[in-house]
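Protein chains: 4
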Amino acid sequence: MTQRGTLGIAVIGTGRMGADHVRRITEVISGARVTAVADLDAERAKQLAAGIDGCTAYTDPSAAMAADDVDAVIIASPGPAHEAALLTAFEHDLPVLCEKPLTPDAASALRVMEAEQKLGHRRVQVGFMRRYDAEYLKLKSLLDSGELGRPLMLHNRHRNADVLPYFTEQMLINDSVVHEMDVARWLLNQEITAVTVMKPKPSGNAPEGLSDPQFVVFETDGGTLVDVEIYVNCRFGYQVQAEAVCENGTARIGEAHGMLVNTAGRWGGSVAPDFVERFVDAYDREVQAWVDATLRGEVTGPSSWDGYAAAAVCEAGVRAQAEGRRTEVRLIERPALYR
Amino acid sequence: MTQRGTLGIAVIGTGRMGADHVRRITEVISGARVTAVADLDAERAKQLAAGIDGCTAYTDPSAAMAADDVDAVIIASPGPAHEAALLTAFEHDLPVLCEKPLTPDAASALRVMEAEQKLGHRRVQVGFMRRYDAEYLKLKSLLDSGELGRPLMLHNRHRNADVLPYFTEQMLINDSVVHEMDVARWLLNQEITAVTVMKPKPSGNAPEGLSDPQFVVFETDGGTLVDVEIYVNCRFGYQVQAEAVCENGTARIGEAHGMLVNTAGRWGGSVAPDFVERFVDAYDREVQAWVDATLRGEVTGPSSWDGYAAAAVCEAGVRAQAEGRRTEVRLIERPALYR
Amino acid sequence: MTQRGTLGIAVIGTGRMGADHVRRITEVISGARVTAVADLDAERAKQLAAGIDGCTAYTDPSAAMAADDVDAVIIASPGPAHEAALLTAFEHDLPVLCEKPLTPDAASALRVMEAEQKLGHRRVQVGFMRRYDAEYLKLKSLLDSGELGRPLMLHNRHRNADVLPYFTEQMLINDSVVHEMDVARWLLNQEITAVTVMKPKPSGNAPEGLSDPQFVVFETDGGTLVDVEIYVNCRFGYQVQAEAVCENGTARIGEAHGMLVNTAGRWGGSVAPDFVERFVDAYDREVQAWVDATLRGEVTGPSSWDGYAAAAVCEAGVRAQAEGRRTEVRLIERPALYR
Amino acid sequence: MTQRGTLGIAVIGTGRMGADHVRRITEVISGARVTAVADLDAERAKQLAAGIDGCTAYTDPSAAMAADDVDAVIIASPGPAHEAALLTAFEHDLPVLCEKPLTPDAASALRVMEAEQKLGHRRVQVGFMRRYDAEYLKLKSLLDSGELGRPLMLHNRHRNADVLPYFTEQMLINDSVVHEMDVARWLLNQEITAVTVMKPKPSGNAPEGLSDPQFVVFETDGGTLVDVEIYVNCRFGYQVQAEAVCENGTARIGEAHGMLVNTAGRWGGSVAPDFVERFVDAYDREVQAWVDATLRGEVTGPSSWDGYAAAAVCEAGVRAQAEGRRTEVRLIERPALYR
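Chains as they are written, first to last, in full-length UniProt numbering: chain A, 1 to 339; chain B, 1 to 339; chain C, 1 to 339; chain D, 1 to 339.
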């Protein structure tokens with residue numbers, strides 16, 4: 001145990017996610033403080049910085065990352081801006097926590113991996129925060145123990161009460177199912193090799209043009225079948241569940257629990273209204289783990305390879321969704337740095 | 001309320017299922033008694049009849065059905081013998097409870113329906129006993145109420161601890177998944193239009209030559225997607241679960257419950273070892289319902305049409321399983337008698 | 001297995017409970033039929049008998065019990081009429097299923113036991129139907145196995161949605177808590193030695209003059225502490241729960257379960273509205289077990305001793321409730337017939 | 001949102017609890033650092049301080065509290081040392097987080113309150129960490145909302161797998177049940193007015209001389225009955241549960257939940273092995289809340305009055321336990337500072 005140094009962090013992007021990370025680092029996390037915020041919207045960055053001692057506002061991410069009091073970077077800008085921000089961070093050899101997606105497509109993710117390999121060491125942790133959720137961690141630990149035998153199937157449910165009007169069918173895959181892609185790869189230690197997307201008749205809750213819900217099936221190189229129900233207008237709340245079916249048993253997470261109430265002819269409890277309530281602890285744990293590892297001089301957590309694999313599976317998923325047929329995923333050979 | 005007459009029942013087939021029905025009628029059910037048992041194995045029939053007052057043993061089902069003290073028939077012989085037994089029952093115009101399958105294939109089921117239509121009234125109740133399970137009935141009632149909106153998906157789990165050595169891959173469909181076919185059709189009031197079967201790498205528990213577990217997807221004419229995990233060597237017990245995902249909520253049945261024990265670092269309960277413990281009440285309720293309806297002069301429950309539809313979907317399922325691709329189901333137009 | 005004879009049953013008392021037993025024997029139970037009904041209300045008895053083939057209506061219970069076609073008796077008349085009916089049944093040496101209470105007080109219960117002892121064999125099964133509930137049976141079996149060690153405490157909850165206006169504070173003990181008395185004695189194989197009753201400030205739902213809920217503590221001769229929450233105006237439904245705390249673990253029954261629904265921000269299920277839904281199977285099983293034992297020439301189930309012990313504990317309970325202090329229970333030595 | 005100053009904290013007492021607070025402040029909590037540790041065991045204090053930048057070791061708590069870099073104090077020394085440490089903290093007008101008990105008896109707690117009143121403002125938060133547990137907070141919020149009506153009873157379970165050999169019967173009350181005393185007072189906004197302790201025959205797991213388990217009943221000035229099962233050798237794990245019975249419903253917390261596993265004939269999950277797993281988040285939240293309030297210049301959370309009331313109820317509880325009878329609790333009138 002030691003009183004660690006304090007990490008000075010630049011937060012790139014001050015939208016909902018970025019502002020939440022600023023709050024988290026300032027009020028929740030140990031061992032770090034926000035020394036820079038950068039946003040194209042100069043006014044928003046300035047207002048955010050104003051409330052924090054020793055924090056400077058920038059419009060240019062490069063300038064923020066060049067500052068003396070910046071030891072590490074959180075990238076929370078829109079996906080298309082990630083590649084440039086990552087390459088700049090690499091120039092300054094700064095550790096990065098990059099919100100998902102690493103980049104919006106596999107080709108740009110490949111470029112990021114190439115640049116990181118030139119550095120010769122990992123610099124990036126990708127923001128797949130479910131890997132830090134207490135229940136997913138328990139499931140991972142159980143599967144890794146082999147206690148139930150080899151995993152044969154993984155059933156997933158991903159339900160949102162509703163989505164914003166601009167939510168598209170591609171976003172079902174790229175924004176929502178991408179989490180199941182990552183946890184499946186991580187829980188199983190396997191790569192996804194093919195994607196199939198099936199669509200029932202849409203819910204009356206689904207806005208015009210959004211075929212919601214959908215049912216996605218992944219095949220993996222280890223022979224495990226992964227299915228995902230994605231339903232983003234289910235109205236009743238936010239619910240993420242996973243059940244691993246192994247040779248000698250099954251394990252399920254994401255069940256409703258907590259306070260149980262009997263009243264008015266019913267027993268039960270409340271469903272989380274949104275991902276904030278469900279995953280707030282996972283976000284806190286993710287950022288703390290990144291700060292802790294960085295203070296130790298290490299890089300842990302999901303890597304650029306995980307970001308690339310997610311992008312490649314998403315591309316196949318969106319094609320499978322559009323064309324209505326099983327679509328194979330093609331990955332490059334895994335570079336040594338990411339083994 | 002009335003003291004009803006007592007139904008004299010001939011039980012055709014005295015294997016496990018037939019003998020259990022004899023016990024049920026004799027010791028559990030109100031309003032019926034076994035007056036005849038028939039089996040090719042004359043000795044087995046004789047021994048069974050010997051223990052029951054007023055019960056005669058036969059080797060020929062026709063002779064049993066012709067007896068004066070026989071008012072109704074239970075067919076519990078092997079599937080290939082069902083068609084002949086059903087046609088004989090029709091000759092005597094006797095009400096029949098026919099164990100599943102109605103007949104082993106769609107063609108013979110069509111012949112049975114034709115013969116029943118010539119009688120001009122329904123005579124057959126097919127032994128899909130899950131329709132009499134208390135939880136399935138609650139789910140059916142909830143779906144029919146429309147309270148949660150239209151059903152969009154139906155997720156099913158069907159797990160057996162293990163199976164006998166002669167269990168084949170076709171039996172996965174014909175003996176096990178056939179129950180999910182029937183409850184899906186019944187719960188949704190929809191017909192199944194296509195079947196897809198997917199196979200993960202088999203469990204180490206699966207015997208040579210049996211690809212177990214499998215994952216089956218049905219499409220319906222109402223646009224609902226139905227998926228079924230079938231795993232018959234899961235070792236931990238017998239478990240049948242269903243979750244309906246509707247527009248505004250979900251409903252799940254088949255959860256473990258009952259006595260909850262804390263001991264040795266764990267909380268929880270026991271899983272039913274086999275279908276007997278899980279569905280014994282459903283069998284009792286099914287036979288009582290059939291006796292009650294028969295005493296009222298009515299025929300209710302799953303019809304020959306349901307038996308035919310199951311046979312047709314099974315045929316498509318076995319083809320889909322063998323050929324590894326989506327296979328459509330072709331049904332004749334539904335005859336007026338079964339509407 | 002055998003086709004048994006059919007038991008001819010006289011039902012004494014045709015109120016709610018009696019009429020329900022008539023329905024049960026006629027429509028649910030195997031091996032019995034109602035051949036006589038008796039009620040002071042001649043019209044009610046006649047109407048009930050009219051619907052049943054071969055059933056005669058009586059106003060005098062003795063006449064009913066003397067009839068040739070009566071093999072056994074169910075006593076479902078009001079408690080104060082039980083002693084006379086039981087003694088009459090003993091004169092005819094008829095097996096009796098006597099609804100609780102055996103008699104309204106310990107003194108009359110003693111007289112019944114004396115008369116039964118003169119017969120020289122048990123004739124009475126008392127209607128403590130919880131002993132036939134599937135979950136209580138599981139708990140009993142677990143406790144008897146010794147798997148969790150010796151029982152140290154038993155926590156009970158007994159909640160009714162509401163009660164009729166004439167419900168008195170004594171009825172809390174005599175009609176409701178009496179069930180917990182019996183199951184505690186039965187589950188633990190111990191006698192209750194003292195009763196304490198505590199009263200919180202009454203619920204606003206409680207009618208004037210009824211201090212509801214109350215909290216009752218039993219001590220036993222085996223050193224187990226038994227506590228009972230009795231709350232008969234809880235509004236949300238009917239709920240009976242028990243948790244046994246043993247040396248190495250606990251076991252709990254009566255949890256809500258069955259279909260689980262997610263909707264409108266909540267997960268959960270429905271609470272039984274009343275004891276009929278919760279215990280209908282226990283009543284069916286109780287009466288079937290009594291018919292089966294009677295056809296075998298046996299008497300099983302709760303005995304007159306159990307009825308007497310319940311009456312003695314109730315008397316102590318009502319005194320404890322009125323006087324606000326721990327009250328000891330005095331039982332006679334257990335006669336040989338009931339050991 | 002603002003980058004706050006960083007609180008310099010002196011931790012008095014470096015045993016298990018103190019060392020854990022040092023770790024928490026250093027590695028988990030935002031906005032604070034440990035600048036002083038004090039322990040009579042100079043070596044232990046020195047070793048602990050050595051690992052932390054800018055932290056000085058003391059043997060004398062007064063010296064630690066007098067240091068310039070100390071802004072606030074955590075008292076984690078043995079209970080008998082608390083009074084002196086608190087009075088010293090008052091001399092320096094330092095905010096204090098004092099581990100429970102405030103002091104070991106009501107008389108010394110009164111002296112602490114008098115000294116705090118002379119300061120004219122609250123300085124003390126007592127370490128009743130359950131008030132910061134997420135489930136207790138939900139229950140509190142539900143009760144305060146009045147949604148279920150007034151609370152009538154509160155049932156509590158407090159189970160430990162085992163205790164150290166020196167654990168005494170008084171510690172059952174003073175160390176374990178004291179938590180239920182505090183949460184009852186807090187959840188109900190009521191004072192406890194009488195205590196009764198009942199003892200079943202001890203478990204075979206209980207060491208010689210420790211009557212374990214026990215059953216404790218509190219009466220409150222609001223007419224609510226509170227019962228507590230305390231069982232500290234239950235072997236199966238650590239379990240804390242509470243059920244509030246209100247006029248129109250009940251609410252229960254502390255149920256087992258999280259990952260649910262089917263295997264080897266059982267469904268269920270794991271029970272927490274000890275209070276660390278069960279309440280680690282509550283400790284983190286408690287200390288963060290104290291740091292946050294202190295940085296804002298406020299004092300929140302359980303007060304010296306709560307510490308005094310707990311001590312007074314414990315004294316009555318230990319008497320009730322020894323004498324085997326209902327014992328009343330006498331509190332002074334609540335001083336204005338604590339209203």
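C-beta: ideal position from N, C-alpha, C; glycine also.
**OP:** Tell me, please, whether the CB atom of P200(B) is closer than 8 angstroms to any CB atom in chain A?
**Re:** yes
Original post:
Given 8 angstroms as the limit, is there contact between the segment 270 to 287 of chain B and the segment 235 to 244 of chain B, that is, 3 or more CB pairs closer than that?
Top reply: yes
Original post:
When burial is assigned at 16 or more other CB atoms within 10 Å of the CB, is A52(C) buried or exposed?
Top reply: For the sequence presented, residue 52(C) should be read as Ile rather than Ala. With 16 or more Cβ atoms within 10 Å of its Cβ, I52(C) is classed as buried.
Original post:
Using a C-beta to C-beta distance shorter than 9 angstroms, which residues of chain A count as neighbours of R252(D)?
Top reply: M259, L260, V261, N262
Original post:
In the segment 235 to 298 of chain B, which residue ranges form an unbroken beta strand (DSSP E) of at least 3 residues, counting only runs that do not cross its ends?
Top reply: 239 to 246, 249 to 253, 260 to 263, 266 to 270
**OP:** Under the assumption that A115(B) contacts I12(B) (Cβ atoms under 8 angstroms), give the Cβ distance between them as a whole number of angstroms.
**Re:** Not confirmed; about 17 angstroms, so no contact.
Original post:
Can you tell me whether DSSP reads Q190(A) as helix, strand or coil?
Top reply: coil
Original post:
Ends of the beta strand (DSSP E) at H158(D)?
Top reply: 151 to 159
Subject >> Beta-carbon gap between L152(C) and T220(C) smaller than 8 angstroms >> reply: no
Subject >> Coarse secondary structure for residue 362(D), derived from DSSP in three states >> reply: Past the edges of chain D, shown from 1 to 339, lies residue 362(D), and the structure says nothing about it.
Original post:
Is A67(C) helix, strand or coil when you go by DSSP?
Top reply: coil
Subject >> In DSSP terms, what T56(B) is bridged to >> reply: A36(B)
**OP:** Specify the secondary structure class of L172(B) as computed by DSSP and reduced to three states.
**Re:** helix
**OP:** Ignore the nearest five residues each way along the sequence and tell me which others in V299(B)'s own chain have a CB closer than 7 angstroms to its CB.
**Re:** P95, R122, R123, Q125, A293
Original post:
When the cut-off is 8 angstroms and only beta carbons count, does G5(A) lie next to chain B?
Top reply: no
**OP:** Kindly give me the distance between the Cβ atoms of M113(D) and W305(D), rounded to whole angstroms, as I take these residues to be in contact under 8 angstroms.
**Re:** 7 angstroms
Original post:
Does any C-beta atom of chain A lie closer than 8 angstroms to the C-beta of M1(C)?
Top reply: Reliability fails at M1(C), whose pLDDT of 37 lies under 50, so the model's placement of it is uncertain and the value that follows must be treated cautiously. It does not; no Cβ of chain A falls within 8 angstroms.
**OP:** Give, in chain order, every residue of the segment 223 to 237 of chain C whose Cβ lies closer than 8 angstroms to some Cβ of chain D.
**Re:** G223, T224, L225, D227, E229, Y231, C234, R235, F236
**OP:** Starting from the C-beta of T2(B), find all residues in its chain whose C-beta is less than 6 angstroms away, skip the five residues before and the five after it, and write them out in chain order.
**Re:** With a pLDDT of 44 at T2(B), under the threshold of 50, the predicted position of this residue should be treated as unreliable, and no value is reported.
**OP:** Can you give me, in chain order, the residues of the segment 261 to 280 of chain D that have a beta carbon less than 7 angstroms from any beta carbon in chain C?
**Re:** none
**OP:** Name the two residues that bound the continuous beta strand (DSSP E) containing A72(C).
**Re:** 72 to 75
Subject >> 9 angstroms Cβ cut-off: residues of chain B touching Q239(D) >> reply: N262, W267
Subject >> Close-in-space but distant-in-sequence residues of the same chain around A249(C) (CB under 6 angstroms, 5 per side omitted) >> reply: First, the residue type needs correcting, since residue 249(C) is Gly and not Ala in the sequence shown. Closer than 6 angstroms at Cβ, skipping near neighbours: L148.
Original post:
Do we get a CB-CB distance below 8 angstroms when we pair M153(C) with the residues of chain D?
Top reply: yes
**OP:** Report yes or no: do three or more beta-carbon pairs, one from the segment 125 to 135 of chain D and one from the segment 199 to 206 of chain D, lie closer than 8 angstroms?
**Re:** no
Subject >> Spatial neighbours of Y136(D) in its chain, beta-carbon cut-off 7 angstroms, leaving aside the 5 residues before and after >> reply: R130, V183, I253
Original post:
Is any heavy atom in the ligand NAP found nearer than 7 angstroms to the beta carbon of Q170(D)?
Top reply: No copy of the ligand NAP appears in this structure; indeed no ligand is present at all.
Original post:
In this structure, what does DSSP give as the bridge partners for Q214(C)?
Top reply: I230(C)
Subject >> Limits of the alpha helix (DSSP H) - the one that G307(D) falls within >> reply: 304 to 323
Subject >> Contact list for L295(B) against chain C, beta-carbon separation under 8 angstroms >> reply: By Cβ distance, chain C contributes nothing, its closest Cβ being about 10 angstroms from L295(B), past 8 angstroms.
**OP:** Assuming H92(A) contacts A66(A) (C-beta within less than 8 angstroms), just tell me the rounded distance between them.
**Re:** 7 angstroms
Original post:
Is the beta carbon of Y70(C) sitting closer than 8 angstroms to the one on T26(C)?
Top reply: The question names Tyr, but residue 70(C) in the sequence shown is Val. Not closer than 8 angstroms, so no.
Original post:
Whose C-beta lies closer than 7 angstroms to the C-beta of V329(B) among residues of the same chain, with five residues either side of it excluded?
Top reply: I192, T193, A194, V195, A312, V313, A316
Original post:
If you compare alpha carbons, which of Q288(D), Y308(D), G324(D) is closest to S30(D)?
Top reply: Q288(D)
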